[in-house]
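Mapped onto this note's numbering, the consecutive letters of the sequence shown carry residue numbers -1 to 355.
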Amino acid sequence: MRLQILLTIFILCFISTGNTQESSAVKKPKNIILLIGDGMGLSEISAAQFFNEGDSHFDRFPTIGLIKTSAADNLITDSAAGATAFSCGIKTYNGAIAMNVQKKPVKTILEQLSEQGYDTGIISTSSITHATPASFFAHVEKRRQAEDIAQFLPESDVDFIAGGGLQYFNKRSDQLDLLPKLQQHGFAVDTTKLGAISGAMKQVYLLADDGMPRMSEGRGSFLSEATALAVERLSQNEEGFFLMVEGSQIDWGGHANEAGYLISELIDFDNAIGTALDFAEKDGETLVIVTADHETGGFTLSSDGRNYNKILPSFSTDGHSATMVPVFAKGPGASTFGGIYENTQIYHKMSALVLNQ
């Protein structure tokens, strides 16, 4: 009897020790860079391999997962509910910007990390009042409330912003000019080009009235350059930083059923991923996560008839689809992002790594 008791104690101690060792094996990151390819499904990602002149940076990730993307009220999500799942960890209704199904605001991971002393940043090739970027710093019932969303920024704790949306700050229907208000709250504002601000604690680049130009219209390397600039600015904080980078117009190419538009935006996003990974690999304390809020267009890389050496991109819808979308992760804590799970787990997995809970 005594031998059985001793054996039981030994087994329990072994299990306890094993669990401790397993949990302590996950190194926690100091910084997180979350890159969201709006509307980017697996076929879109595959296009980066087939149509990019160089190697795709997606190939550099050791951990890959899949997320389910349905919203609380629809099998197929929109960008607002999809981004709110990432920023707040909740399922909500289509159109909600960091609000729950009861239309109550929910604190975002960006806001939570700011309270912990992190610096934070948001970059987008759309207006920064668009659904995905807005879901990280604003709280409104409907995504179309762009002027209301803009009013959240001056009093926010975001440290770096780059994208479009100038008209929602200085050409408003209520005649307010929010640019002076941004400056009053410690932001340096530039509406002409990236990198013109130096030494400012908080930086805002609003470089287009609404969305940024397409790649085909001469946007150039804005997304990669903004990512590099943000990392340079935010990494000065010894506490750490959180940066969200959105390749917004992959989605717009899908909605338009324009393969060339979609692919050029996808390759641009791929280049921004490379910028983030290059920093993370040198830094050693940064977790890079790449995913999408949903897939757009039912994009397919089909053959051109029976010619299996020629890819003919095609679409099945001008809306969103319900397919699962991939998650890529590299850096401290990356191993926790493998598997199949709900989109809300992106928030919860990040929170477990960096929030003081």
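By construction, the Cβ of each residue, glycine as well, lies at the ideal position given by its N, Cα and C atoms.
These numbers were taken from a predicted model, which means no experiment stands behind them.
Residue i and residue j closer than 8 Å at C-beta
i, j, result
"A160", "F150", "no"
"S300", "S314", "no"
"F267", "S41", "no"
"I88", "I147", "no"
"I344", "I65", "yes"
"R58", "G93", "no"
"A290", "G37", "yes"
"F240", "L111", "yes"
"A70", "V104", "no"
"N354", "Q114", "yes"
"M322", "T90", "no"
"F49", "I265", "yes"
"I43", "V243", "no"
"A224", "L192", "yes"
"L260", "G119", "no"
"D302", "K308", "yes"
Inter-residue CB distance, residue i and residue j (contact presumed, cutoff 8 Å)
i, j, result
"G331", "K28", "Going by Cβ atoms, the distance from G331 to K28 rounds to 10 Å, so no, they are not a contact pair."
"S262", "M210", "13 Å between Cβ atoms; not a contact."
"S125", "A144", "7 Å"
"F84", "L108", "So it is not a contact: roughly 10 Å between Cβ atoms."
"V229", "F277", "5 Å"
"F158", "L204", "With 8 Å as the limit, F158 and L204 do not qualify as a contact, their Cβ atoms being about 12 Å apart."
"S222", "T273", "5 Å"
"I248", "G35", "5 Å"
Cβ-based burial, residue i [other Cβ within 10 Å; buried from 16]
i, result
"K347", "buried"
"I338", "exposed"
"Y116", "buried"
"V352", "buried"
"N341", "buried"
"L164", "buried"
"L310", "exposed"
"A81", "buried"
"A194", "exposed"
"R304", "exposed"
"M199", "exposed"
"D172", "exposed"
"T294", "buried"
"S333", "exposed"
"T127", "buried"
"V187", "buried"
"A216", "The sequence shown places Gly at residue 216, rather than the Ala named in the question. Its Cβ having fewer than 16 others within 10 Å, G216 is exposed."
Residue i - DSSP class collapsed to helix/strand/coil
i, result
"V229", "helix"
"F335", "helix"
"Q201", "strand"
"T106", "coil"
"K169", "coil"
"E139", "coil"
"K25", "coil"
"A327", "strand"
"M97", "strand"
"F150", "coil"
"E293", "strand"
"G35", "strand"
"Y91", "coil"
"G119", "strand"
"F277", "helix"
"M322", "coil"
"N307", "strand"
"K66", "strand"
"D266", "helix"
"I261", "helix"
"A254", "coil"
"S300", "strand"
"L111", "helix"
"V243", "strand"
"V352", "helix"
"A78", "helix"
Reference residue i, options the options, closest by Cα
i, options, result
"L275", "F267, L192, V286", "V286"
"A270", "L232, F220, K169, A257", "F220"
"A132", "N72, S246, E215, V24", "S246"
"K179", "S196, T190, K191, V202", "V202"
"D208", "V288, F335, A129", "A129"
"V138", "F335, T106, K328", "T106"
"L227", "H292, S196, G39", "S196"
"G282", "T61, D316, K328, S154", "K328"
"D155", "K169, L174, H183, H253", "H183"
"N255", "N72, H318, A78", "H318"
"P60", "E279, D316, K308", "E279"
is_contact[residue i, chain B] using C-beta, thresh 8 Å
i, result
"Q201", "Given the protein chain composition of this structure (a single chain), no chain B is represented."
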